[in-house]
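Peer 1: Each residue of the sequence shown is one higher than the last, beginning at 170 in the working numbering. Provided herewith is a single structure, encoded as structure tokens, for subsequent inquiry.
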Amino acid sequence: MTVPEYPTALGASSRDAITLLGHDLANDVMGEVSFGELAFWLATQRRPTPGETRVFEAVLAALADHGYTPTAIISRLAYLSAPDSVQGALAAGLLAGGSRFLGVTEDCGRFLHDVLVAAAGDAAERSSTIGSGLPTDDAGWDDLARATVRRQREAGKFVPGLGHHVHKDGDPRTPRLMAIAAEEGVTGPHLALFAAIGRVHAEVLGKQLPLNGAGVCGAALADLRLPLELLRAFALLARCAGLIGQLAEELRHPVANDVFLSVDLNNRPVDADPYEPPPL
């Protein structure tokens with residue numbers, strides 16, 4: 170009888186040792202590797218450089234907590250309802266991470282990547298001497314950004330990462346993360362294109378909008394060559410820390426019951442409004 174095998178380069182245990190990514194967990198990892206570095210390493214199975222680690226951990230810090238967002242409120246309410254299930258409260262908040270909160274990180278990274286792939290392919294078709302086919306100076310990036318924003322406007326679509334409902338005059342996380350990436354020499358084409366969108370979009374849209382923090386985080390993660398399919402997962406990793414903070418504060422200074430009572434005591438009966446399906 171053939172015994173099935175399940176190969177993995179991640180964690181493994183024997184009677185007297187635990188290995189992780191081929192290293193002794195107790196002696197080589199614990200106390201030697203930061204959690205952010207380890208998370209990057211686990212996802213890519215390559216150890217990040219110090220510069221990559223700094224940018225990655227800056228992204229985690231940028232996305233950890235944004236106050237009383239739906240993810241935080243849901244976690245607090247879930248804990249109010251089931252204080253015996255802290256994992257349920259954390260899961261409730263993480264499950265609320267979607268296209269409006271946290272998901273922009275993935276949406277922006279994927280969007281920028283698709284634009285870059287298309288631009289490189291178009292240029293390669295025009296000339297075999299262009300190399301990667303991507304711009305090499307700000308003027309080239311601005312041209313690509315202008316065409317990108319114009320295409321989205323004509324299609325009636327938003328540019329992911331452009332605009333913020335609070336930071337209308339500029340998201341403070343965006344220039345800081347771009348500066349950190351530049352200091353560490355890991356600014357790549359995704360951040361370059363995102364910055365260019367920030368410079369030229371007003372020419373096309375007729376109004377100035379900020380590049381938001383979730384979007385710049387997606388661009389930075391894509392430049393770190395992390396899997397595009399997992400960009401939202403890294404945002405959720407960051408938010409998990411924030412939700413722990415929300416629950417810790419809820420234990421000391423509870424507000425979830427006030428939120429519940431505010432809705433419960435201030436609802437008002439209205440007439441039924443039967444659903445009408447749209448015409449065929």
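Glycine residues also receive a C-beta, built at the ideal position from the N, C-alpha and C atoms.
Measuring straight from C-alpha to C-alpha, what distance separates Gly267 and Leu194?
Peer 2: So the alpha carbons of these two residues sit roughly 34 Å apart.
Peer 1: Compare the Cα-Cα distances from Phe363 to each of Asp311, Gly339 and Gly302 and report the closest residue.
Peer 2: Answer by Cα proximity: Asp311.
Peer 1: State the Cα-Cα distance for the pair Asp307 and Ile366, rounded to the nearest angstrom.
Peer 2: Taking the straight line joining both Cα atoms gives about 11 Å.
Peer 1: Starting from Ala410, trace the beta strand (DSSP E) both ways and give me its first and last residue.
Peer 2: Where Ala410 is concerned, there is no enclosing beta strand (DSSP E), although the alpha helix (DSSP H) it sits in stretches over Leu400 to Arg421.
Peer 1: Suppose you measure from the CA of Ala186 to the CA of Arg368; what does that come to, to the nearest Å?
Peer 2: Those two C-alpha atoms are separated by around 54 Å.
Peer 1: What separation, rounded to the nearest whole angstrom, lies between the Cα atoms of Tyr175 and Glu419?
Peer 2: Going by the C-alpha atoms only, they are around 42 Å apart.
Peer 1: Quick check for students: name the residue ranges of the alpha helix (DSSP H) that lie wholly in the segment 309-340, counting only runs of 4 or more.
Peer 2: Within the segment 309-340, no complete alpha helix (DSSP H) run reaches 4 residues.
Peer 1: With DSSP run on the structure shown, which of helix, strand or coil describes Thr180?
Peer 2: Sequence inspection shows Gly at residue 180; the Thr mentioned does not correspond to that position. Correct three-state label for Gly180: strand.
Peer 1: Is Thr305 buried or exposed, if buried means 16 or more other CB atoms sit within 10 Å of its CB?
Peer 2: Thr305 is exposed by the Cβ-count criterion.
Peer 1: Per the DSSP calculation, Ile187 is bridged to which residue(s)?
Peer 2: In the DSSP output, where bridge partners are listed per residue, Ile187 has Ser182.
Peer 1: Any idea if Thr404 is buried or exposed, counting beta-carbon neighbours within 10 angstroms, 16 or more meaning buried?
Peer 2: First, the amino acid is wrong: residue 404 is Ala here, not Thr. The residue is buried, with at least 16 neighbouring Cβ atoms inside 10 Å.
Peer 1: Between Phe327 and chain B, is any beta-carbon pair separated by less than 9 Å?
Peer 2: Judged by its chain identifiers, the structure shown contains no chain B, having just a single protein chain.
Peer 1: Taking the straight line between their C-alpha atoms, what separation do you get for Arg223 and Val355?
Peer 2: So the alpha carbons of these two residues sit roughly 10 Å apart.
Peer 1: Helix, strand or coil for Phe429, going by three-state DSSP, please let me know.
Peer 2: In this structure, Phe429 counts as helix in the three-state DSSP scheme.
Peer 1: Is it buried or exposed for Asp276, if we count other Cβ within 10 angstroms and need 16 for buried?
Peer 2: Label assigned to Asp276: buried.
Peer 1: Using the Cα positions of Leu190 and Leu346, report the straight-line distance between them to the nearest angstrom.
Peer 2: Near 29 Å, if we compare the C-alpha coordinates of Leu346 and Leu190.
Peer 1: By the three-class DSSP mapping on this structure, what secondary structure does Asp193 have?
Peer 2: Asp193: strand per DSSP, three-state reduction.
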